[in-house]
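Just so you know, the protein sequences line up as chains C and G, in that order. Quick note: the first sequence uses my numbering, first residue 1, plus one each step. Quick note: the second sequence uses my numbering, first residue 1001, plus one each step. Every residue gets a Cβ at the ideal spot worked out from N, C-alpha and C, and that includes glycine. All remarks here apply to the structure that follows.
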Amino acid sequence: DQQVKQNSPSLSVQEGRISILNCDYTNSMFDYFLWYKKYPAEGPTFLISISSIKDKNEDGRFTVFLNKSAKHLSLHIVPSQPGDSAVYFCAASIIQGAQKLVFGQGTRLTINP
Amino acid sequence: GAVVSQHPSRVICKSGTSVKIECRSLDFQATTMFWYRQFPKKSLMLMATSNEGSKATYEQGVEKDKFLINHASLTLSTLTVTSAHPEDSSFYICSAREGPTGTQYFGPGTRLTVL
C-alpha cells in the first residue's frame, strides 16, 4: 500500500523556468510533510517542510503548497537552476508518536541549460 | 542545518561476515534515529526506529536478529548486519531527528556490497 505517491518518475525543465513536482497521499492522519533532494550515492538533503495547519510555506526559490482536501502537495522551484537536477522525494509523517517518514518513489528532475 | 555523519561510506565484505555501520549526529542530540535501506531506483524503506537507551522498533518484514541496532548515546546509533549475504547488498542510510518538529536529517549513506 503506497501511502505517498509521486506519479511522475521524471521531469525535464528549462533553466530559469518553474519546476513543479507533485505528490499525493492517502493517509489523512499525516500532518507533516517534507521535501528532500537526493543525489546518487548520497543521503537525502532536507529542503522544506509544511505542517497541515498551513497551506503554503516558502523558503527562497522553494515553495511548498498543501491541499489537504485533495491530499496533494507540490514543490515549486523558481527559477530552476542546473544544480537543481536531482531526485526529489516527498515524505509524510504524523507529528505525534514515532514520526516515521513515509517516502514517495521520487521524481528525477533534470534542468536543461 | 543539522549534520549527520555515517561511517564507513562504502564497505565490501565476504558472505557470512558481519558489518557495523555508525551514524552520528554531529551538532545536535538525537533521541531518535532511523535506519533506511534503498534499493536501486527505489524509494527509501524504513527498517527500524532507534530510541536512545531502549530497544529499536523494527518495521514489518525486517529481521531484528539480522539487523542489530544499538543507540547507546544521544549522538550515536549503530547498525550491524550480521552474517551478511549478497542479498543484503544495498545502500543503507540513517537519519536523526532534531527536536519535536519532525524534520529528519540524513547521513550520506553507506554502500554495502557482500560478495
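Any chain C beta carbon closer than 9 Å to G/K1055 | no
Neighbouring residues, chain G, relative to C/L101 (Cβ below 9 Å) = F1034, Y1036, L1044, L1046, S1095, G1102, Q1104
Quick one: Cα of G/Y1092 to Cα of G/F1028, how far?
-> 21 Å
By Cβ distance below 8 Å, which residues in the same chain neighbour C/E42 in space, the five residues on each side in sequence not counted?
-> none
In angstroms, rounded to a whole number, what distance separates the CA positions of C/F103 and G/F1106?
-> 13 Å
What did DSSP end up calling G/E1063 once you bin it into helix, strand or coil?
-> coil
Are the region 37 to 53 of chain C and the region 1013 to 1029 of chain G in contact at 8 Å, needing three or more beta carbon pairs?
-> no
Proximity test, Cβ basis, 9 Å: G/V1004 and chain C = yes
If we cut at 9 Å on Cβ distances, does G/F1028 have a partner in chain C?
-> no
Three-state class that DSSP yields for C/E15 in the structure shown = coil
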